[in-house]
Structures are given as structure tokens and as C-alpha cells.
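*Asks:* Sharing a structure here in C-alpha cells format.
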Amino acid sequence: MPAALQPLTEGRSRLHVDVPRGAPSLGEALDALWALYPGVRDRVLTEQGDVRPHVNVFVGTESSRWSGGLATPVPDGAEISILPAVSGGRRDT
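Read in order, the letters of the sequence shown correspond to residues 60 to 152 in this note's numbering.
As C-alpha cells, this is what we get:
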């Protein structure tokens, strides 16, 4: 869990969430997270229920943006990472 969201997860950087067996989707796994920490949902998803453009969600090493969005399968024991996009820096001219 990124530092910016840890105040919403009782200061925890790593969470364990039980999800239904049978390769649930990322959306189902995140629903289990929202049930425990409802404040996180609005920081990760838009009002339409899509992952916000400045947030990256990974299942293992695969970005959900390129692997099926919230329908991405989550294998048993997979790690889901929620990361803010990083940009900026200095451009030498």
C-alpha cells in the first residue's frame, strides 16, 4: 500500500485479504479490500468504477491496465500492488 493511502489502512503498508477461491478477478479481490478499508476505494477508483489514471494496479508483475483491467484473473496466492504513478524530474535543455 503506498504511503499516501496508509492512513486509510491503519498505517499498514502490506495487507492480507481473503478472497473467494477459484481465480477471482481483480475487481472481486479489490471489493474484499474495500470491505475492510472503504476509504481506499475512492482513492483508487473513479466514480465510474475504473482505476484512476494516476494509479497503477499490478497482479504479480502484470499491470492490470494491459491485462484485462478489473477483470484480470488473480491466481491463488497472488500479490496485488497499488502504486501511484510517478512523474516529474528535470529536463536538461
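A virtual CB, placed ideally from N, CA and C, is assigned to each residue, including glycine.
1) Could you tell me the alpha carbon to alpha carbon distance between residue 85 and residue 99, rounded to whole angstroms?
2) Excluding five sequence neighbours on each side, which residues of the same chain lie with their C-beta closer than 8 Å to the C-beta of residue 74?
3) Across which residues does DSSP place residue 121 in a beta bridge pair?
4) Restricting to Cα atoms, I'd like to know which of 120, 77, 141, 79 is closest to residue 113.
5) Name the one or two DSSP bridge partners that residue 104 has.
6) Helix, strand or coil, according to DSSP, for residue 66 in the structure here?
7) By the 10 Å Cβ neighbour count, where 16 or more other Cβ atoms means buried, how is residue 88 classified, buried or exposed?
8) Provide the residue span of the beta strand (DSSP E) that contains residue 89, from first to last.
*Replies:* So, to answer that:
1) Between the C-alpha atoms of residue 85 and residue 99 there is a straight-line separation of about 15 Å.
2) Answer for residue 74: 60, 68, 92, 95, 96, listed in chain order.
3) Beta-bridge partners of residue 121 (DSSP): 118.
4) Between residue 113 and the set 120, 77, 141, 79, the nearest pair of CA atoms involves 141.
5) Paired residue(s): 110.
6) The answer is helix: DSSP assigns residue 66 an H, G or I state.
7) With 16 or more Cβ atoms within 10 Å of its Cβ, residue 88 is classed as buried.
8) Per DSSP, residue 89 lies in no beta strand (DSSP E); the unbroken alpha helix (DSSP H) holding it starts and ends at 85-95.
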